[in-house]
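Using my numbering, the letters of the sequence shown map in sequence onto residues -8 to 293. Ideal placement from N, C-alpha and C gives every residue a C-beta, glycine not left out.
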Amino acid sequence: MINNNQTMKILITGSAGFVGKNLFNYLKKEHEVYGISRRAGETTTHQCDITKRDDLMQVLNLINPDLIVHSAALTFVDYCQEHKDETWTTNVDGTLNLVKWSFLNKKKIIYISTDYVYAGEKGNYSEESETKPVNIYGETKLAAEKIISILPNFLILRPTVIFGYDPGGSNFFMQLLRLKEKKELKKIVDDQISNPIDVLVLCEYIKLSIEKNISGVFNATGPETVDRFVFANLIASIFNIDNNLLQKVKTSELGQKALRPMNNGSTSTKLRSVLNYKCPSLRESLENHKKIMESDKIKNLN
Ligand SMILES: NC(=O)c1ccc[n+]([C@@H]2O[C@H](COP(=O)([O-])OP(=O)(O)OC[C@H]3O[C@@H](n4cnc5c(N)ncnc54)[C@H](OP(=O)(O)O)[C@@H]3O)[C@@H](O)[C@H]2O)c1
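Right under this line is the structure:
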């Protein structure tokens, strides 16, 4: 049972991952939060593989959450392309296991999907646009969405290119930050277009969605449509990274195993309107992460 604005017992799957970790720390200020992942870690309260049905049922029955935020997935797009069965087992069968428990126990799932459910042909995608994934990762995320939609109460969020300060992590922003020390050329494509989203904005979207108990399917992307090269240059300018290290290339030059949705700009006005939330610009988000990084450095010196 979900009571607006009350403390809830929330279970995050994939709690050792980039989004899961951030969300765990974000929600724990107001809720009783649990995390499952296969790996141990500060944000993993229970080590569990979502594809191992009996183990998962045991953990779910033990925690008995009011709400599940399902973030666990195989996420490396080229790896997924070459490991179709494993990807299907994790992203689809794992989701089915969570849905079975939630259905029987009348609990809601918030599913972290992706804009890779769109084909990346026309851009400016809204929730009403046709879904047509171009790779295995996108296919499995869309299949999982369909399973989630069986539930009487669900929320599907479709983010893209999630970025933020994550020591030891490898999101696009962290890869660029490392150029400061590595000082080597990095190939960046200028033909993949999307609406990158700050991980902290995604956490706020989720927090507000829980408070307002919204349901349905929503894009959960950032306010600006940019290609990767433009985004990389913005990061470089704010973090004093030498932009001569950014080498503009086309996706076709990278020889990646999986196709990418190229022109995948999307609009999230529907979500921001129901949440009554004004999203920071990319520049504001990056400057905020700069402050977080600097205070983290000071903490580590002390
Ligand atoms: N990052 C992005 O730019 C982006 C964009 C759009 C959508 N998304 C979606 O957002 C979600 C989170 O992405 P992320 O960037 O945080 O990915 P991530 O860092 O790769 O984290 C994924 C997490 O899932 C866990 N996991 C994988 N298989 C599992 C299994 N069988 N049982 C339990 N846990 C399992 C992994 O931890 P263990 O290995 O320890 O189990 C890891 O903690 C994903 O669903 C992804 O599709 C991400």
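Near ligand 1: residue i beta-carbon under 7 Å from a heavy atom
{"i": "LEU277", "result": "no"}
{"i": "ILE3", "result": "no"}
{"i": "ARG29", "result": "yes"}
{"i": "ALA64", "result": "yes"}
{"i": "LYS306", "result": "The structure shown has nothing for residue 306, since the chain only spans -8 to 293."}
{"i": "GLY129", "result": "no"}
{"i": "VAL108", "result": "no"}
{"i": "CYS294", "result": "No answer is possible for residue 294: it lies beyond the span of the chain, which begins at -8 and ends at 293."}
{"i": "GLY11", "result": "yes"}
{"i": "THR81", "result": "yes"}
{"i": "GLY213", "result": "no"}
{"i": "ASN162", "result": "yes"}
{"i": "ALA249", "result": "no"}
{"i": "GLY155", "result": "no"}
{"i": "THR105", "result": "yes"}
{"i": "THR260", "result": "no"}
{"i": "GLY111", "result": "no"}
Start and end residues, alpha helix (DSSP H) containing residue i
{"i": "VAL90", "result": "85 to 95"}
{"i": "ARG219", "result": "219 to 229"}
{"i": "GLN238", "result": "Segment 237 to 240 is the beta strand (DSSP E) holding GLN238; no alpha helix (DSSP H) there."}
{"i": "ILE54", "result": "44 to 54"}
{"i": "LEU168", "result": "163 to 168"}
Range covered by the beta strand (DSSP E) that runs through residue i
{"i": "THR4", "result": "0 to 4"}
{"i": "GLY207", "result": "207 to 210"}
{"i": "VAL265", "result": "Note, VAL265: premise wrong, no beta strand (DSSP E); alpha helix (DSSP H) at 260 to 266."}
C-alpha gap between residue i and residue j, whole angstroms
{"i": "THR86", "j": "VAL192", "result": "24 Å"}
{"i": "GLN183", "j": "ALA223", "result": "12 Å"}
{"i": "VAL197", "j": "SER6", "result": "Looking at the sequence itself, residue 197 is Ile, so the reference to Val does not match. Each residue's alpha carbon lies about 15 Å from the other."}
{"i": "LEU190", "j": "TYR17", "result": "Looking at the sequence provided, one finds Val at residue 190 rather than Leu. When rounded, the distance between both Cα atoms is 10 Å."}
{"i": "THR4", "j": "SER120", "result": "28 Å"}
{"i": "SER93", "j": "VAL180", "result": "41 Å"}
{"i": "LEU266", "j": "SER200", "result": "7 Å"}
{"i": "ALA227", "j": "ASP218", "result": "14 Å"}
{"i": "LEU245", "j": "ASN96", "result": "46 Å"}
{"i": "LEU168", "j": "PRO143", "result": "43 Å"}
{"i": "THR122", "j": "ASN13", "result": "28 Å"}
{"i": "LEU47", "j": "PHE67", "result": "23 Å"}
{"i": "GLY159", "j": "PHE9", "result": "10 Å"}
{"i": "VAL24", "j": "GLU33", "result": "12 Å"}
{"i": "THR212", "j": "VAL152", "result": "8 Å"}
Simplified DSSP state of residue i, which is helix, strand or coil
{"i": "GLN38", "result": "strand"}
{"i": "HIS74", "result": "coil"}
{"i": "ASN254", "result": "strand"}
{"i": "HIS22", "result": "coil"}
{"i": "LEU65", "result": "coil"}
{"i": "TYR128", "result": "helix"}
{"i": "ASP189", "result": "strand"}
{"i": "LEU142", "result": "coil"}
{"i": "LEU176", "result": "coil"}
{"i": "ARG274", "result": "helix"}
{"i": "GLU215", "result": "coil"}
{"i": "SER104", "result": "coil"}
{"i": "VAL152", "result": "coil"}
{"i": "ILE27", "result": "strand"}
{"i": "LYS137", "result": "helix"}
{"i": "LYS99", "result": "strand"}
{"i": "TYR116", "result": "strand"}
{"i": "ILE342", "result": "What the structure shows of the chain is the stretch from -8 to 293, and residue 342 is not part of that stretch, so it cannot be assessed."}
{"i": "ILE232", "result": "coil"}
Any C-beta of chain C under 8 Å from that of residue i
{"i": "LYS282", "result": "Looking at the structure shown, chain C is missing, and only one protein chain is on hand."}
heavy atom of ligand 3 below 7 Å from residue i C-beta
{"i": "GLY159", "result": "Ligand 3 is not among the ligands present in this structure, which contains only ligand 1."}
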